[in-house]
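Asks: Residue numbers (full-length UniProt numbering): 1 to 244.
The beta-carbon is built from N, C-alpha and C at its ideal position, and this holds for glycine as well.
For reference, the structure I am asking about is given below.
Next comes the structure, spelled out in structure tokens:
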């Protein structure tokens with residue numbers, strides 16, 4: 001399986017009309033969440049959902065070894081905890097605020113009534129399938145890609161999730177995580193991740209900030225994520241300078 005380039009991942013808001021999204025928000029109670037606050041915790045009862053209207057959250061999960069793994073980042077337009085609320089199953093992941101967030105919280109039974117009223121069962125199913133397929137594509141790609149391509153794939157995934165336009169053709173991705181977490185997402189050590197990021201930066205593909213990544217060349221980033229062998233500046237995706 002290969003990365004599908006240039007495709008913004010869907011969220012709940014993108015699948016419903018403005019009026020239907022507004023109805024969801026108006027059913028909830030407005031809350032703000034400070035940076036570091038836990039909005040939902042893995043294993044807890046699914047008694048509510050949160051419609052996120054502003055901010056950035058990090059989704060994490062505990063693996064079989066007891067380590068916390070960062071799965072992805074999510075932004076405005078998401079409904080958090082929707083599947084647990086619909087299926088009555090415990091939270092499958094923890095969601096924490098990366099920066100100040102605003103959301104509207106409503107009880108699970110109210111969300112179920114909202115879904116039934118607007119006949120959104122298919123929409124929620126479509127979103128769930130999209131998320132699962134995206135995760136499976138990402139895991140499959142990371143299993144065979146070399147180091148620089150793996151990092152490019154993760155950055156490309158985050159750009160699809162939460163990237164915002166920057167300049168004429170670029171994107172900016174607010175990371176909301178330390179480099180070690182980014183390395184773990186890419187299934188590599190911190191030193192290898194930093195080296196891969198440095199090579200992408202040296203090639204002019206992206207620029208590293210303290211808390212964000214500026215993607216200067218989206219096309220070359222996605223080419224690197226597909227493991228095409230040459231980056232700008234003569235750097236190969238394997239992380240080596242090709243012989244002349």
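Tell me, which residues are paired with residue 54 by DSSP?
Replies: 102
Asks: Ignoring anything shorter than 3 residues or poking outside the segment 112-179, list the beta strand (DSSP E) runs there in chain order.
Replies: 164-166, 170-174
Asks: Going by the beta-carbon positions, is the gap between residue 73 and residue 49 smaller than 8 Å?
Replies: no
Asks: Measuring straight from C-alpha to C-alpha, what distance separates residue 157 and residue 138?
Replies: Answer to the nearest angstrom: the Cα atoms are 8 Å apart.
Asks: Which two residues bound the contiguous alpha helix (DSSP H) that contains residue 25?
Replies: Counting along the chain, the alpha helix (DSSP H) containing residue 25 begins and ends at 18-27.
Asks: Taking the CB atoms as reference points, tell me whether residue 45 and residue 90 lie closer together than 8 Å.
Replies: yes
Asks: Can you give me the Cβ contacts of residue 186 inside the same chain, cut-off strictly under 8 Å, excluding the 5 residues immediately before and after it?
Replies: 142, 150, 151, 153, 154, 193, 196
Asks: Locate the alpha helix (DSSP H) running through residue 96, then write down its first and last residues.
Replies: Premise fails: residue 96 lies in the beta strand (DSSP E), 94-97, not in any alpha helix (DSSP H).
Asks: Just grab the DSSP bridge partners of residue 72 for me.
Replies: 59
Asks: Given a threshold of 16 other Cβ atoms within 10 Å of its Cβ, counted over all protein chains shown, does residue 125 qualify as buried or as exposed?
Replies: exposed
Asks: For residue 80, tell me which candidate among 13, 68, 227, 119 has the shortest Cα-Cα distance.
Replies: 13
Asks: Taking all protein chains shown into account, do 16 or more other C-beta atoms lie within 10 angstroms of the C-beta of residue 140, making it buried, or fewer, making it exposed?
Replies: exposed
Asks: Please report the straight-line C-alpha distance between residue 104 and residue 83, rounded to a whole angstrom.
Replies: 17 Å
Asks: Report the residue from 208, 161, 118 whose alpha carbon sits nearest the alpha carbon of residue 130.
Replies: 161
Asks: If residue 181 sits next to residue 70, beta carbons under 8 Å apart, how far is it from one beta carbon to the other, in whole angstroms?
Replies: 4 Å
Asks: Which residues mark the beginning and the end of the beta strand (DSSP E) in which residue 207 is found?
Replies: 206-208
Asks: Report yes if the CB atom of residue 218 is closer than 8 Å to the CB atom of residue 170, and no otherwise.
Replies: Yes. Within cutoff.
Asks: In three-state terms, what does DSSP make of residue 258?
Replies: Examination of residue 258 is not possible in this model, given that the chain is present from 1 through 244 alone.
Asks: Give the single residue among 205, 216, 212 whose Cα lies nearest to the Cα of residue 224.
Replies: 205
Asks: Tell me, which residues are paired with residue 213 by DSSP?
Replies: In DSSP, residue 213 forms a bridge with 173, 208.
Asks: For the alpha helix (DSSP H) containing residue 192, name the first residue and the last one.
Replies: 190-202
Asks: DSSP beta-bridge partners for residue 30?
Replies: Beta-bridge annotation (DSSP): residue 30 is paired with 104.
Asks: Report the three-state DSSP secondary structure of residue 48 (helix, strand or coil).
Replies: strand
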